[in-house]
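Below: the structure, in structure tokens.
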Amino acid sequence: ARTCFFNKLHINLDIFKIRHICVFSIKKLMKIKENLVFLGMMGSGKSSIGSLIAEKLKLNFVDIDKEIEKELGASIKKIFETKGESYFRKFEEKITLKNLKLNSVVISLGGGAFENKNIRKEVLRDNISFWLNWNENILLDRIKNSKKRPLSFNATDNELIDLIQKRSNIYSKALYEIKCDNLSKNKIVKKILKIYETH
Ligand code: S3P
Numbered sequence: 008a009r010t011c012f013f014n015k016l017h018i019n020l021d022i023f024k025i026r027h028i029c030v031f032s033i034k035k036l037m038k039i040k041e042n043l044v045f046l047g048m049m050g051s052g053k054s055s056i057g058s059l060i061a062e063k064l065k066l067n068f069v070d071i072d073k074e075i076e077k078e079l080g081a082s083i084k085k086i087f088e089t090k091g092e093s094y095f096r097k098f099e100e101k102i103t104l105k106n107l108k109l110n111s112v113v114i115s116l117g118g119g120a121f122e123n124k125n126i127r128k129e130v131l132r133d134n135i136s137f138w139l140n141w142n143e144n145i146l147l148d149r150i151k152n153s154k155k156r157p158l159s160f161n162a163t164d165n166e167l168i169d170l171i172q173k174r175s176n177i178y179s180k181a182l183y184e185i186k187c188d189n190l191s192k193n194k195i196v197k198k199i200l201k202i203y204e205t206h
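Positions in the sequence shown are counted from 1; adding 7 to them yields the working numbering.
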């Protein structure tokens, strides 16, 4: 009876091992398919950091703002002016959800995209998301004089600070927060790659 018990234990352990190996391999395979998604305020470096990461990982890079401009044949500024923000937001949702269906790409979202519930849900489902977080004064300096960002044209400094604070609550739902203050672009990239390797 004792030998029988140990045999059973042995078989059970083997099954456990096989199951473990299977789950591990499936997870590995799934990791290959996961997208890296960058989110954060205007001026946080989603496009520049995102494209550097894509280059390092030899993955394709998708900049959602650029995709929208390509599809509509107009700049974001022009789209806001001629069609209005709510048209832009609907189109942004459509293009973003379409691109999130891709596998193994690096995606940079528009600064307001993560406020959209459908986009947020999809990003958080099976993508590796990174919030590029900067001190609000650094962001303010970068965006307040931007000619191509419709949301920052007419806003006062206080309104922009409010927007940064309101959005930070939402951005914080990302899988990883990257605190970028005092870091060079190179250091930020290294930090992200390290997280990705051990994810
Ligand atoms: C927006 C950010 C912009 C662009 C649009 C609206 C926002 O993208 O999608 O002007 O609501 O913050 P960037 O974050 O790439 O500047």
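Don't be surprised by glycine CBs; every beta carbon is placed ideally from N, CA and C. Note that the coordinates shown come from a computational prediction; the quantities given were computed from them, not determined experimentally.
Contact test: K90 Cβ vs the ligand S3P heavy atom, cutoff 8 Å: With a threshold of 8 Å, the Cβ atom of K90 does not count as near the ligand S3P, since no heavy atom of the ligand is closer than that.
Start and end residues, beta strand (DSSP E) containing F45: Element bounds for F45: N42 to L46.
Straight-line gap, S153 to G50 (C-alpha atoms, nearest Å): Those two C-alpha atoms are separated by around 9 Å.
L66 - DSSP class collapsed to helix/strand/coil: The answer is coil: DSSP assigns L66 none of H, G, I, E or B.
Distance between L131 and L66 (C-alpha atoms, nearest Å): Answer to the nearest angstrom: the Cα atoms are 20 Å apart.
Simplified DSSP assignment, three categories, for K186: Strand.
For E41 and I4, believed in contact at Cβ under 8 Å, the rounded distance: Given a span of 8 to 206 for the chain in the structure shown, any question on residue 4 remains unanswerable.
Proximity test, I114 beta-carbon vs the ligand S3P heavy atom, cut-off 8 Å: I114: no, Cβ never under 8 Å from the ligand S3P.
Residue range of the unbroken alpha helix (DSSP H) whose run includes L167: D164 to Y178 is the extent of the alpha helix (DSSP H) around L167.
Exposure label - T103; buried when at least 16 CB within 10 Å: A residue is called buried once 16 or more other Cβ atoms fall within 10 Å of its Cβ, and T103 is buried on that count.
As assigned by DSSP and simplified to three states, the class of S51: It is coil, neither helix nor strand.
At least 3 beta-carbon pairs within less than 8 Å: the segment 143 to 161 vs the segment 54 to 69: Two segments are said to touch when three or more pairs of C-beta atoms, one from each, lie closer than 8 Å; by this definition the segment 143 to 161 does not touch the segment 54 to 69.
In chain order, each alpha helix (DSSP H) run of at least 4 residues that lies wholly inside the segment 58 to 141: Secondary structure within the segment 58 to 141: the alpha helix (DSSP H) runs of 4 or more consecutive residues, fully enclosed, are 71 to 79, 83 to 90, 92 to 107 and 124 to 133 (chain order).
heavy atom of the ligand S3P below 8 Å from R127 C-beta: For R127, the shortest separation between its Cβ and any heavy atom of the ligand S3P does not lie below 8 Å.
L190 versus G80 - alpha carbon distance: Rounded to whole angstroms, the gap between the alpha carbons of L190 and G80 is 36 Å.
Check: N80 C-beta below 8 Å from any heavy atom of the ligand S3P: Reading off the sequence, residue 80 comes out as Gly, not Asn. G80: no, Cβ never under 8 Å from the ligand S3P.
Of the residues D133, F98, E184 and I71, the one placed nearest N110, counting alpha carbons only: Closest option to N110, Cα to Cα, is D133.
Distance cut-off 8 Å: A120 Cβ against heavy atoms of the ligand S3P: Result yes, Cβ under 8 Å from the ligand S3P.
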